[in-house]
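Undergrad: Per our numbering, numbering of the sequence shown is gapless, rising by one per residue and ending at 1294.
Here a beta-carbon is modelled for each residue, glycine too, at the ideal position from N, C-alpha and C.
Bear in mind that the values here come from a model prediction, so they are computed numbers and not experimental data.
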Amino acid sequence: MASLILFLFLYLDYVSTFSSNTVVESEEYQFTNVNPKCEKIRIKMCADIQYNMTIYPNLLKHTKQEEAESDIEQLRKYEMLVNVQCSPDIKFFLCTIFTPVCTILNEPIPPCRHLCYSAKNGCETIMRKFGYPWPEIFDCEKLPHHKDAMCVGENNNNELDEDKSKNLDITQINELKEVKKLLECPHAMKVLGSHRHFLFIANQTLEQCSLPCHNDGLVPTFFTAHIRHYLKLWTGAWAVTCCVCCLFTIFTFLVDLKRYEFPERAILFMAFSYFMVSSVYMVGLVTGDQLSCATQSATKQPLGNENFWCSALALAHFYFSFAGSLWWLILCFSWFLVTTLKWGEVPVGQVFSSYFNAFAWLLPLFGVIFLIIFGGIDGDVFTGICSVGNLQPSFLFNFNVLPQILLIVAGLIFFSSGFVSILRIRSYIKCNRFVTNKFENAEASEKLGRIMLRITCFSLLYVLPMFVSSQRAVFGFTQQRDYCPITDQIELENQPGPLLFFLKYLANFTVGIACAVWTLNGKTVVIYGEFMSRLCMGKENNRGRPTRLPTRVH
């Protein structure tokens, strides 16, 4: 009986002390193992906190440490907060949730409300910058106040109450001077592939880190899931449109290929190139992100050494995009030969055709070989394809920005020279006093005017989208490190808007559509009329073919 009274006295004395002061500020929580449910803390993250014994089930209803540790593995993003020390109480708070202190009581003691707010005030803003909301399971309002109930918390006089926490000055986050040094890749963004991956954030480089594909709720990339969904639909719709237009152009040329000589024949190869480019995007649309993101998330299993289909899509996209740009240069050069140097269309094809094909189809192969050796391929989180330089500014500049700008400038030089020459020819025809047939003179001038209008429209439909694409690439090259700021930056400058990406993907398909616009003329009607005549009646339509305009005026 005396022992029972002594036990009750000690118990009431302990409870009163614990309730009034919560936990002693400067001493560790060293409780005697008087409860048979107590067990030594084995979870690594909580191995060095102020107490070393815990009790289960905990506040999250985990029945044993292994179960709690497994849950911590799923919530590994909180380890980053512990590492950057965004709050001096974040680690202790998490451990009081997952490994509650063991006492003579049979129930786990919750953390105090002020301890929760201390951890939340220091770390919530950083979590939001990485796309992590403060978890509902850590709702501070549901935790007891240290003056009203028994709870675990640091007994200091500088605690933050709820009202102060709601109006916390975000400039406190900027006082974290060590964030840059301790910045780590979130678990959802880690790469499991054997090849090295880098993510550039401000002036920091995170190894084996990349943008996520599935974890929009955890790490939203640039835009909300709603905008990204419409961006993918937008890209898919224009890819299908471009594919149809390119097929129409290719079929139109093949129906009567002999009618088309250089410079027009270059448009056939441009249409084929952009047909392949649009096909790559259509594959990405159909497969979702199964090909481009197979090894990009640590939550997935890597497919062998690397994802073969991701590399295949990227190399095909690069090869045919580069080839299409080279055929634009060939178009302008052959236009220059015909208009300025007065070559005939047939001689241009006879002399330069093999050189043109070798130049346009072989040169991109060197870039492909270089990419295979040195890498530079990564997934596009918006379209489901892989391409070059999405997350690597150096590859973006060397394989996208620089070649595009050089080819556009060179093509415009040849085009401008030819345009000036044909203006002179038209002026000469109008002012030629030796032509007795004024109607013939007017018809020739009108044909030249139509040619000038068509070539100008086609050039604008090529140059303007390529200019937009180049500007976006330049923006990406110069500002890509600022897309994802370091965690102690609150306001973003030069953040890309959705319109920039909508225009970027539209620019990839406008050239293919422009090829179809070029073929829509009277000659196309004649070609399809003769084709249908041969197909349906088994004989050629003997309708006269339009006379070619001479390139040299005598």
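1. In terms of residue numbering, what span does the beta strand (DSSP E) encompassing G1119 cover?
2. Does Y1202 pass the burial test, meaning 16 or more other C-beta atoms within 10 Å, or should it be called exposed?
3. To the nearest angstrom, report how far apart P851 and I967 are at their CA atoms.
4. So, does the stretch 1116 to 1130 touch the stretch 1081 to 1094, judging by three or more C-beta pairs under 8 Å?
5. Assign I1113 to buried or exposed, taking buried as 16 or more other Cβ atoms, counted over all protein chains shown, within 10 Å of its Cβ.
6. Please classify Y1245 as buried or exposed, where buried requires at least 16 neighbouring CB atoms within 10 angstroms.
7. Please classify G1269: is it buried, with 16 or more other beta-carbons within 10 angstroms of its beta-carbon, or exposed?
8. Inspect the beta-carbon positions of V1128 and F1135 and report whether they are closer than 7 Å.
9. Taking the alpha helix (DSSP H) that C856 belongs to, which residues open and close that run?
10. DSSP three-state call for Y791: helix, strand or coil?
11. Using beta-carbon positions only, say whether G893 and L845 come within less than 7 Å of one another.
12. Taking Cβ to Cβ, would you say C786 is nearer than 7 Å to C835?
13. May I have the straight-line CA-CA distance separating N1261 from T992, to the nearest angstrom?
14. Work out the CA separation of T1079 and F1159 for me, nearest whole Å.
15. What span of residues does the alpha helix (DSSP H) with V1128 cover, start to end?
16. Does any CB atom of chain C fall closer than 7 Å to the CB of I866?
17. State the beta-bridge partners of L780 as determined by DSSP.
18. I849: which of S827, A889, V1257, C880 sits nearest, CA to CA?
19. Here's a check: name, in chain order, each residue in its chain whose Cβ is nearer than 6 Å to the Cβ of G1089, leaving out the five neighbours to either side.
20. According to DSSP, is N914 part of a helix, a strand, or is it coil?
21. Taking the C-alpha atoms as reference points, what is the distance between T975 and D829?
22. Going by beta-carbon coordinates alone, are C983 and S1018 separated by less than 7 Å?
23. Quick check: the Cα distance between L1053 and L1152, rounded to an integer number of angstroms?
24. What does the Cβ neighbour count give for D909, buried or exposed, with the cut at 16 atoms within 10 Å?
25. Please list, in chain order, all residues of the same chain as A1006 whose beta carbon is under 6 Å from its beta carbon, the five residues on each side excluded.
26. Can you give the Cα-Cα distance for M1206 and K972, rounded to whole angstroms?
27. Please report the distance separating the alpha-carbon of F1048 from that of F1012.
28. Measure the alpha-carbon distance for G1116 versus E809 and round it to whole angstroms.
29. Within a Cβ cutoff of 8 Å, which residues of the same chain sit near W1101, ignoring the five residues on either side of it in sequence?
30. Would you check if the distance between the CB atom of A1254 and the CB atom of F1198 is smaller than 7 Å?
31. Where does the unbroken alpha helix (DSSP H) through K1244 begin, and where does it stop?
32. Would T865 and I783 be called neighbours here (beta carbons separated by less than 7 Å)?
33. Can you give me the C-alpha to C-alpha distance between L1008 and F1139, rounded to a whole angstrom?
34. Could you tell me the boundaries of the alpha helix (DSSP H) in which T964 lies?
TA: If we stick to the structure as given:
1. 1117 to 1119
2. buried
3. 40 Å
4. no
5. exposed
6. The residue in question, Y1245, is buried, as its Cβ has 16 or more Cβ neighbours within 10 Å.
7. So G1269 ends up on the exposed side.
8. yes
9. Counted as a single uninterrupted DSSP element, the alpha helix (DSSP H) harbouring C856 occupies residues 853 to 869.
10. strand
11. No Cβ-Cβ contact shorter than 7 Å links G893 with L845.
12. yes
13. 11 Å
14. Spanning the alpha carbons of F1159 and T1079 requires a straight line of approximately 8 Å.
15. It is not in any alpha helix (DSSP H) - V1128 instead sits in the beta strand (DSSP E) that spans 1126 to 1128.
16. Here chain C cannot be found, since the structure has a single protein chain.
17. Per the sequence shown, the amino acid found at residue 780 is Lys instead of Leu. Partner(s): M793.
18. A889
19. Correct list, in chain order: E1001, F1002.
20. Low confidence applies to N914: its pLDDT is 43, below 50, so where it sits in the model is not reliable, and the reading given next is rough at best. If DSSP states are grouped into helix, strand and coil, N914 belongs with the helices.
21. 47 Å
22. yes
23. 30 Å
24. With a pLDDT of 39 at D909, under the threshold of 50, the modelled position of that residue is not reliable, and the figure given next carries that caveat. Classification of D909: exposed, given that the 10 Å Cβ count is below 16.
25. So the qualifying residues of the chain are W1067, I1070, L1071.
26. 20 Å
27. 24 Å
28. Rounded to the nearest angstrom, the two C-alpha atoms are 37 Å apart.
29. A1063
30. yes
31. 1238 to 1259
32. Not in contact: T865 and I783 (Cβ atoms no closer than 7 Å).
33. 24 Å
34. That residue, T964, is in no alpha helix (DSSP H); it is neither H nor E in DSSP.
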